[in-house]
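Residue numbers (this note's numbering): 34 to 228. Worksheet for the structure shown next.
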């Protein structure tokens, strides 16, 4: 069973079939309403923004014993039609962590926080679809980070939406109490040593 080229398949897959697919170098795959959706791996700008934000979230979550921070992890958002999404960064609050440790396969609970870092290859419609799926599955907060516009769109629901831009600060609200990251810091360019 080989995944298709970039795009969406016609064939439908079950969650179990998706779990058995081989990893393919150079692509990222999600299961959306039973169809495979393949994207090219993101570039350096995406990777830099993801790492900076993930590191800050992880540091805050661990220091305050808030739950579990994750990166590039699959979550089953729906069984029928089967949908598995992998946010760039996710957080599960301590009170929502299932007993027994990390699951085999994919999480069968929604992330409390899902973070999507927008790549140049993403369309607004694709990102909007992901946001709505996270919220419908029970995510309490979704952040859409756009490095190109140096902004973060914060979704608490379909109608409670706020766009933040530097010099504003991204806060964690009641989900990540005390978390604060100035957007100017998040979007600062990496520094390279001069010879």
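For glycine and all other residues, C-beta sits at the position ideal for the given N, C-alpha and C. Owing to the predicted nature of the structure, the values given are computational and were not obtained by experimental measurement.
Item: In angstroms with no decimal places, state the Cα-to-Cα distance between residue 45 and residue 218.; Value: 42 Å
Item: Use the C-beta contact count for residue 163: other C-beta atoms within 10 angstroms, 16 or more gives buried, fewer gives exposed.; Value: buried
Item: Under 7 Å, do residue 66 and residue 143 count as touching if we go by C-beta distance?; Value: no
Item: Here's the rule I'm using: 16 or more other beta-carbon atoms within 10 Å means buried, otherwise exposed. How should residue 121 be labelled?; Value: buried
Item: How many angstroms separate the CA atom of residue 47 from the CA atom of residue 226?; Value: 49 Å
Item: By DSSP's criteria, residue 213 is part of a beta bridge. Which residues make up the other side?; Value: 204
Item: Report the CB separation of residue 51 from residue 117 in whole angstroms; it is logged as a contact under 8 Å.; Value: 6 Å
Item: Determine, using beta carbons only, whether residue 170 and residue 110 come nearer to each other than 7 Å.; Value: yes
Item: Residue 95 to residue 132, Cα distance in whole Å?; Value: 18 Å
Item: Are the stretch 175-192 and the stretch 124-138 touching, with three or more C-beta to C-beta distances below 8 Å?; Value: no
Item: Have a look at the DSSP bridge pairing and note the partners of residue 184.; Value: 179 and 198
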